[in-house]
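Right, one structure below, let's go through it.
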Amino acid sequence: MYTIEKCSAFFVTPAKRNTDFSRLYSHAVDKETGIQCDQVFVLNGFYAKKEYPGKLRRIRYYDADNDKRLVFLTNSFMLPAGTIAEL
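Rendered as structure tokens:
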């Protein structure tokens, strides 16, 4: 994933349940849009930290139509959380 960032591109990927991370910051969100949280974090795992040493963004979204909670990881800090969830 870090190779993608070094090429000036961004990615959006589903998060694993056991992702070990430390939250650095939480952005305010409008929960009526389905966005439940928008956080900036770093990975904690020894190998994960070596593979991706930079900051990432975690977006938790509730899809009311399908009654599902989705969690996305991205390196894009410019796009709104709603846009990331729609991708």
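In my numbering, the protein residues as written are 4 to 90.
Cβ atoms here follow ideal geometry from the backbone N, Cα and C, with glycine treated the same way.
Every value quoted in this text rests on a predicted model; they were computed, and no experiment measured them.
With 16 or more neighbouring CB atoms inside 10 Å of its own CB, Ile87 falls in the buried class. If you draw a straight line from the Cα of Pro56 to the Cα of Asp41, it comes to about 20 Å. Residue state for Tyr55 is assigned as coil, using DSSP reduced to three classes. Cβ-Cβ distances below 7 Å link Met81 to nothing in the same chain once the five nearest sequence neighbours on each side are left out.
With fewer than 16 other Cβ atoms inside 10 Å of its own Cβ, Ile7 counts as exposed.
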